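Residue numbers (the numbering used here): 43 to 221.
Each residue gets a CB set at the ideal place from its N, CA and C atoms; glycine is no exception.
Here the structure is a predicted model, which means the values were calculated and not measured.
To keep things clear, I will list the structure first and then write my remarks on it.
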Amino acid sequence: FANNLLTSTLMQRANFLAKVIVDRTPAGWPKLREMALNDLQKALKIQSDLPNAQLLVARLQMLPGGDRASALKASEKAADLAKDDPSIQVEALVLQAKIVSEPEKIEQLLTQALKIAPHNDEVLVYRGRLLLEQGKADDALTDLTAAAKSNPENAEAQEARGQALFALKKNDEAISAFD
């Protein structure tokens with residue numbers, strides 16, 4: 043019981059500190075990140091199977107001055123631990139995609155995320171933009187159209203869809219996508 047209480051308290055403080063960093067970006071935010079990471083390390087020492095803690099470690103390490111290798115390792119652990127929580131698994135895979143630099147690996151991670159959440163418009167847009175950058179406009183259009191259908195209010199999906207249509211020389215459709 044005491045370990046659960048301590049773990050919970052450490053997680054709450056780490057989440058609070060992370061929220062302060064993201065929402066307010068105070069002058070001393072690197073010190074706050076250090077404090078949050080210390081709390082997370084203590085929590086994970088007590089209870090190693092916390093996907094939320096691993097995900098928060100990854101997010102904090104992704105900030106400027108963080109350790110990208112640690113972020114990748116933590117996001118991989120989060121994905122492995124979150125087999126019963128698709129939203130955490132998808133977020134961890136997307137974080138990994140933001141860390142790695144090889145386009146093939148990024149596409150693989152995003153495809154894996156879409157197998158878990160096939161209608162996630164943010165992941166569809168991310169992969170669609172990647173495919174568009176790779177010159178795969180037809181494949182990009184498929185993803186971007188699915189994203190726009192999944193969330194018609196997603197302006198980024200509509201814009202990227204228009205870009206894919208322009209790349210395919212479907213100018214009239216592209217113009218209507220921007221409207």
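Near isoleucine 148, what residues of its chain come up, given a Cβ to Cβ distance below 7 Å and the 5 sequence neighbours on each side ignored?
The answer, listed in chain order, is Ala139, Val142 and Leu172.
Within 10 angstroms of the Cβ of alanine 188, are there 16 or more other Cβ atoms? Answer buried if so, exposed if not.
Counting Cβ neighbours within 10 Å, alanine 188 comes out buried, since at least 16 surround it.
With valine 219 as the anchor, note down where its alpha helix (DSSP H) starts and where it stops.
The residue asked about is misnamed: residue 219 is alanine in this sequence, not valine. Start and end: 213 to 220.
Just to confirm the assignment: which complete alpha helix (DSSP H) runs, minimum length 4, are found wholly within the region 162 to 213?
Whole alpha helix (DSSP H) segments, 4+ residues: 163 to 175, 179 to 192 and 197 to 209.
What's the call for asparagine 213, buried or exposed, on a 16-neighbour Cβ count within 10 Å?
Result: exposed.
Could you spell out where the alpha helix (DSSP H) holding threonine 49 opens and where it closes?
Run containing threonine 49: 44 to 66, per the alpha helix (DSSP H) assignment.
Sorted by chain position, which residues of the same chain lie with C-beta nearer than 6 Å to valine 99's C-beta, five sequence neighbours on each side aside?
Leu82 and Ala116, listed in sequence order.
Apply the 10 Å Cβ neighbour rule to valine 64 and answer buried if 16 or more other Cβ atoms are within range, or exposed otherwise.
Result: exposed.
Under 8 Å Cβ to Cβ from leucine 92, same chain only, skipping five residues before and after it: list those, please.
Correct list, in chain order: Thr49, Met53, Ala85, Leu86 and Leu123.
So, for asparagine 45: in the same chain, excluding its five sequence neighbours on each side, which residues have a beta-carbon less than 8 Å away from its beta-carbon?
Within the same chain, asparagine 45 has close Cβ partners Ile88 and Gln89.
Using the three-state DSSP reduction, which class does valine 142 fall into: helix, strand or coil?
Of the three classes helix, strand and coil, the one that applies to valine 142 here is coil, per DSSP.
Nearest to valine 165 by alpha carbon, out of Thr67, Ala121, Ser192 and Gly177?
If we check each option's Cα against that of valine 165, Ser192 comes out closest.
Give every residue of the same chain whose Cβ lies closer than 7 Å to the Cβ of alanine 179, excluding the five residues on either side of it in the sequence, and list them in chain order.
Cβ within range, chain order: Ala206, Ala209 and Leu210.
Kindly provide the ranges of any beta strand (DSSP E) runs that are 3 or more residues long and lie completely inside the region 106 to 151, ordered along the chain.
Runs of the beta strand (DSSP E) inside the region 106 to 151: none found.
In or out: glutamate 175 buried (at least 16 other Cβ within 10 Å) or exposed?
It counts as exposed.
List the whole-angstrom C-beta distance separating proline 68 from leucine 74, where the pair is believed to meet the contact cut-off of C-beta under 8 Å.
Yes, they are in contact, since the Cβ atoms of proline 68 and leucine 74 sit about 7 Å apart, within 8 Å.
For alanine 69, which three-state DSSP category applies?
If DSSP states are grouped into helix, strand and coil, alanine 69 belongs with coil.
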